[in-house]
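In this note's numbering, the protein residues as written are 21 to 299.
Structure first, then comments.
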């Protein structure tokens, strides 16, 4: 946490499945009662009658689509590894399947550019050949401590919906908070980019909050569009201003010797840094 520069990673989170699919029945509702009856009669599973019920779908299609995007990103951006984060030791047929499908898509579609961890250890004593992406997996709860203790060892993470929700906020805390964390929602043909944080209406009109996450979401959008020069200029400008310790309140309280400024003053400093950069 005191060395945010050690964490330089990207999290790919599946966004349509898992417990976020919204297939639920409220406790005592006809839907919940019916699902409990089916589970008990058809699957011989005991469920307390006063339970709410939720369904956790994890598909081969959704899992492979996500891991495919993560590997393509890693190759395109010269990243070193893709880590499949899962809880397959407990949920074998959902999160365990996610892990298996992740390794499958790596082998079947990117076999010439990737190597699974076991092969790297067996063939190369753990040393990954140049221009090869290491594919490995970590249990979700262990991943949290790994990001804290050994962040340099993790580059691109690919994970299920709920795990990704938790991990993205936890990782954001290590680099300064949600005010600097950007994200994107990417489909096969379209994408939308936004800050990881919500709308925070209580801060509306106060000229106070950190616009860095919004700006970095813009960087991600520019990269997606193929406008690499513009993306680099904006990212470098934000980096330069933060390095000068001209920051908004959320970072100022974490940076001794910093100068706390408003949203608009920070934004103007970024604009000036862009104009001052060599073309």
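Note that beta-carbon positions come from the ideal geometry of N, C-alpha and C, so glycine has one too.
Going by C-alpha positions, residue 228 is about 19 Å away from residue 193. No Cβ-Cβ contact shorter than 9 Å links residue 133 with residue 73.
With a contact defined as Cβ atoms closer than 8 Å, residue 35 and residue 183 miss out at about 12 Å.
Two segments are said to touch when three or more pairs of C-beta atoms, one from each, lie closer than 8 Å; by this definition the stretch 195–203 does not touch the stretch 96–109. Contact between the stretch 105–117 and the stretch 157–177 is present, with at least three C-beta pairs closer than 8 Å.
With 16 or more other CB atoms across the displayed protein chains lying within 10 angstroms of its CB, residue 230 is buried.
Only exposed fits residue 263, as fewer than 16 other CB atoms lie within 10 angstroms of its CB. Proximity to residue 226 across 282, 237, 141, 248 peaks at 282, based on C-alpha coordinates. C-alpha of residue 140 to C-alpha of residue 59: approximately 43 Å in a straight line. In its chain, beyond the 5 residues on either side, 45 have a beta carbon closer than 6 Å to the beta carbon of residue 51. Judged by DSSP in its simplified three-state form, residue 286 adopts helix. From the listed residues 83, 173, 152, the smallest Cα separation to residue 118 is found for 83.
Annotation for residue 177: the continuous beta strand (DSSP E) segment containing it runs 176–179. With fewer than 16 other beta carbons inside 10 angstroms of its own, residue 22 counts as exposed. Check the Cα spacing between residue 41 and each of 75, 67, 167: the tightest is with 75. Proximity of the stretch 279–293 to the stretch 244–262 meets the contact definition, three or more beta-carbon pairs being nearer than 8 Å.
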